[in-house]
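Those protein sequence lines, which keep their order, are chains F and H. Just add 274 to the spot in the first sequence (first one is 1) and you have our numbering. Just add 17 to the spot in the second sequence (first one is 1) and you have our numbering. Glycine is no exception: its CB is placed at the ideal position from the N, C-alpha and C atoms. Predicted model, so just to flag it, every value in this text is computed and none were measured. Only one structure is covered here, and it is reproduced in the block below.
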Amino acid sequence: MAHIKREQLCALGIHYIMYSLDYMLDGHAAAGYKNIELIGEAPHFYMDQAHSQDPVEVRKKVEARGMKIALFTPECSCMQWRTNYADQDAHLRSMEYFKRAMQVCRQLGANMMLTNACGGTLDEDHDVAFDRAIRHFEELTRYAKDAGVIVALESVRPQESKVCITLGDVAGVIEAIDSPNLGAALDTVAMGVAGETPRQWFKRLGKKIIHTHFVDGRPYSHLVWGDGVFPLERYIDVLNEFGYEGFLGQEITDGRYYENPKAADQRNFRALSKFFVGEEE
Amino acid sequence: MSYPTICRNQVDAMNIHWAQWSLDTFFDYEASLGITGIELWGAMPHVWLDSMGYYDAKKIRKKAEDRGLNINVFCPENVISPYQVNPQEPMYVDLIHHYFENGIKFATEVGAKYLSINSGWGYWNEDRQEAWKRSREMLRDLAEVAEHEGITLTLESLRPQESQLVVTLEDTKRMFDEVNSPNFKVMVDTVAMSVSNESLDQWFETFGADICNMHFIDCNPYGHLIWGDGDRDLGSWVATLNKYHYEGFLGQEITEERYLLDPQAADLRNFHNLERYFNEEI
Numbered sequence: 275m276a277h278i279k280r281e282q283l284c285a286l287g288i289h290y291i292m293y294s295l296d297y298m299l300d301g302h303a304a305a306g307y308k309n310i311e312l313i314g315e316a317p318h319f320y321m322d323q324a325h326s327q328d329p330v331e332v333r334k335k336v337e338a339r340g341m342k343i344a345l346f347t348p349e350c351s352c353m354q355w356r357t358n359y360a361d362q363d364a365h366l367r368s369m370e371y372f373k374r375a376m377q378v379c380r381q382l383g384a385n386m387m388l389t390n391a392c393g394g395t396l397d398e399d400h401d402v403a404f405d406r407a408i409r410h411f412e413e414l415t416r417y418a419k420d421a422g423v424i425v426a427l428e429s430v431r432p433q434e435s436k437v438c439i440t441l442g443d444v445a446g447v448i449e450a451i452d453s454p455n456l457g458a459a460l461d462t463v464a465m466g467v468a469g470e471t472p473r474q475w476f477k478r479l480g481k482k483i484i485h486t487h488f489v490d491g492r493p494y495s496h497l498v499w500g501d502g503v504f505p506l507e508r509y510i511d512v513l514n515e516f517g518y519e520g521f522l523g524q525e526i527t528d529g530r531y532y533e534n535p536k537a538a539d540q541r542n543f544r545a546l547s548k549f550f551v552g553e554e555e
Numbered sequence: 018m019s020y021p022t023i024c025r026n027q028v029d030a031m032n033i034h035w036a037q038w039s040l041d042t043f044f045d046y047e048a049s050l051g052i053t054g055i056e057l058w059g060a061m062p063h064v065w066l067d068s069m070g071y072y073d074a075k076k077i078r079k080k081a082e083d084r085g086l087n088i089n090v091f092c093p094e095n096v097i098s099p100y101q102v103n104p105q106e107p108m109y110v111d112l113i114h115h116y117f118e119n120g121i122k123f124a125t126e127v128g129a130k131y132l133s134i135n136s137g138w139g140y141w142n143e144d145r146q147e148a149w150k151r152s153r154e155m156l157r158d159l160a161e162v163a164e165h166e167g168i169t170l171t172l173e174s175l176r177p178q179e180s181q182l183v184v185t186l187e188d189t190k191r192m193f194d195e196v197n198s199p200n201f202k203v204m205v206d207t208v209a210m211s212v213s214n215e216s217l218d219q220w221f222e223t224f225g226a227d228i229c230n231m232h233f234i235d236c237n238p239y240g241h242l243i244w245g246d247g248d249r250d251l252g253s254w255v256a257t258l259n260k261y262h263y264e265g266f267l268g269q270e271i272t273e274e275r276y277l278l279d280p281q282a283a284d285l286r287n288f289h290n291l292e293r294y295f296n297e298e299i
């Protein structure tokens, strides 16, 4: 019987981009979430390579609503901070940003930071960009070790990056570095776009999968469960079969939810709550 | 018999849908098409602009000029958080002010005449008047910086999904009047205009020669599409440009994700559709 725990669900607030932090946190708490994945993106958490909002204050706001920050995901694909630039100066500025993000992560009470390998361009040779990703993630992993943080590397869609858009690339980076401070995050949309399945990910990476963005898709778009085409129960069965007990980040991003993100959270949470076990009667 | 026409040098290619390609590849391809003007979108991997500074302005200008391209307009990223004209939190207000100030300086260094800007959006859950005031103050401050740097800001309207501030022609007129600066003009975004169900004639009747730039693209009415992929009447719009003697730029602000993987193919099709109206032998 497919099952998950309420505490595994992590709210993400990308679809609250038109609303303030307080409004977003109220929405997550009202839907029933106990954990959130905080995105380092204004207006919910401003940061750049030299500045950041006060993490302690944000943490208090989250905890005052009976929730915890499970992990921190600094902006890493739309704006200028990316892990895999060829340009050395852009790389150095980005690394300052990610080092800062790791400190923020700790101050938020979390020890996991999620990112991806964006920054290469489509006019580059794959292997050149891939080898660079390995070097850059070696560097990031060193910083993570110093900061006491685990980095989760997700795959993204080909519209976002040259490399690490497939399981093969993500596993390649993780296996090459082989560190307890680096794991994989399974993003069901990137997985779907790449024509992969959750089973293939768990078979290849097993316990190295330390986080998921577990959302519906067609396979494109990060959707509320029920709005896409993914077989929810069947996917949860795979999580159960491989003993996955990590978080299920609800990374809802589609523009259709921007007007009323609270309603999207409610509907999404309800779709998942059917599979809850261990709830007090 | 005179046909509706535009000049080749009015057309500005943009690099938003080239976001997964290098700046060199973008410039090379536009030059090979016969494009002469660029509205440069200021985001990575092409331009690094932030609240503390910017990089490589002279190098970028030279890259363009070496290929016979002029950067006519600079469009700093200003529709994705954190880069909007209307931040609320004090720390964020200060940083954003510096960001746009740096954008204006970058624009002058690359030789641009105009900088595209919008009102920002504020929060959905706040009073519109309060948010409006913040936008107006920020735009006034930035118009002063622009005056000092010798460049002109051109205000575009947004879609109602993007903002509760400057969305319609009427909003644009109000903001234009309230900012009231010689270095603060107006631009038409044909998508926002179409979504608000306005006509190009109405914009010219309202603003006349204060329209200095355009995002002149196809749509249905949503989508920032290449010409041919939407359902707008290009010929009648070109006739309207001629009727009002518009000689400003026509920025090709193509943003749809569908073009990211093969922007060359998109720009080729787009260029051919615009070329049919060039005042050259075709």
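- Annotation: Cβ neighbours of leucine 396(F) in chain H (cutoff 8 Å, chain order): Gln37, Trp38 and Leu278.
- In this structure, the straight-line span from the alpha carbon of leucine 506(F) to that of glycine 500(F) is close to 9 Å.
- The Cβ of glycine 314(F) sits no closer than 8 Å to any Cβ of chain H.
- Counting only the Cα atoms, aspartate 363(F) lies some 23 Å from alanine 421(F).
- Taking 8 Å as the threshold, the shortest C-beta distance from cysteine 352(F) to chain H falls below it.
- The DSSP-derived three-state label of threonine 389(F) is strand.
- The DSSP assignment places 400 to 421 and 441 to 451 as complete runs of the alpha helix (DSSP H) inside the segment 382 to 451 of chain F, in order along the chain (cut-off: 4 residues).
- Counting along the chain, the unbroken alpha helix (DSSP H) around threonine 462(F) starts and ends at 462 to 467.
- If you check the CB distance, isoleucine 134(H) and leucine 86(H) do not come in under 8 Å.
- For serine 294(F), the residues of chain H that pass the 7 Å Cβ criterion are Tyr140 and Asn142, in the order they occur in the chain.
- One Cα belongs to phenylalanine 117(H), the other to leucine 40(H), and the distance between them is close to 22 Å.
- With contact defined as three or more Cβ pairs closer than 8 Å, the segment 338 to 349 of chain F and the segment 305 to 315 of chain F are in contact.
- In the structure shown, the three-state DSSP call for valine 551(F) is coil.
- The Cβ of threonine 42(H) sits closer than 8 Å to at least one Cβ of chain F.
- Contact with chain F is found for tryptophan 65(H), since one of that chain's Cβ atoms lies less than 8 Å from the residue's Cβ.
- The beta carbon of alanine 283(H) is closer than 6 Å to those of Ile243 and Tyr276 in its chain, skipping five residues each way along the sequence.
- For methionine 192(H), there are no C-beta contacts with chain F under 9 Å, since the nearest C-beta of that chain is about 20 Å from it.
- Between leucine 112(H) and chain F, the shortest Cβ-Cβ separation is below 8 Å.
- Here isoleucine 33(H) really is in contact with glutamate 270(H); their C-beta atoms are around 7 Å apart, less than 8 Å.
- Sorting Asp227(H), Gly252(H) and Asp206(H) by C-alpha distance to the C-alpha of glycine 240(H) places Asp206(H) at the top.
- Between the C-alpha atoms of valine 402(F) and threonine 357(F) there is a straight-line separation of about 14 Å.
- In the three-state reduction of the DSSP assignment, glycine 54(H) falls in the strand class.
- Nearest Cα to proline 493(F) within the set Val512(F), Lys477(F) and Thr471(F): Thr471(F).
- The three-state reading of DSSP puts threonine 185(H) in coil, since its state is none of H, G, I, E or B.
- Under a 10 Å Cβ-count criterion, asparagine 542(F) is classified as buried, with 16 or more other Cβ atoms of the shown protein chains found around its own Cβ.
- Closer than 8 Å to the CB of glutamate 187(H) there is not a single CB belonging to chain F.
- Counting along the chain, glycine 252(H) sits inside no beta strand (DSSP E); it lies in the alpha helix (DSSP H) bounded by residues 251 to 260.
- With respect to chain H, the C-beta atom of glutamine 381(F) has no partner C-beta closer than 8 Å.
- Nearest to glutamine 37(H) by alpha-carbon distance, out of Val336(F), Pro454(F), Asp397(F) and Phe346(F), is Asp397(F).
- Contact check for lysine 260(H) against aspartate 227(H) fails: the beta carbons are separated by 8 Å or more.
- Around the C-beta of glutamine 146(H), fewer than 16 other C-beta atoms lie within 10 Å, and the residue is accordingly described as exposed.
- Pairing lysine 130(H) with asparagine 197(H) gives a Cβ-Cβ distance that is not under 8 Å.
- Residues of the segment 73 to 104 of chain H that bring their beta carbon within less than 9 Å of a beta carbon in chain F comprise Asp73, Glu94, Ile97, Ser98, Pro99, Tyr100, Gln101 and Pro104, in sequence order.
- Minimum Cα-Cα distance from valine 503(F) among the listed residues Gly480(F), Thr462(F) and Asn514(F) corresponds to Thr462(F).
- When C-alpha distances from leucine 57(H) are compared across Pro104(H), Leu267(H), Asn296(H) and Trp220(H), the shortest belongs to Leu267(H).
- At least one beta carbon of chain F lies nearer than 8 Å to the beta carbon of methionine 108(H).
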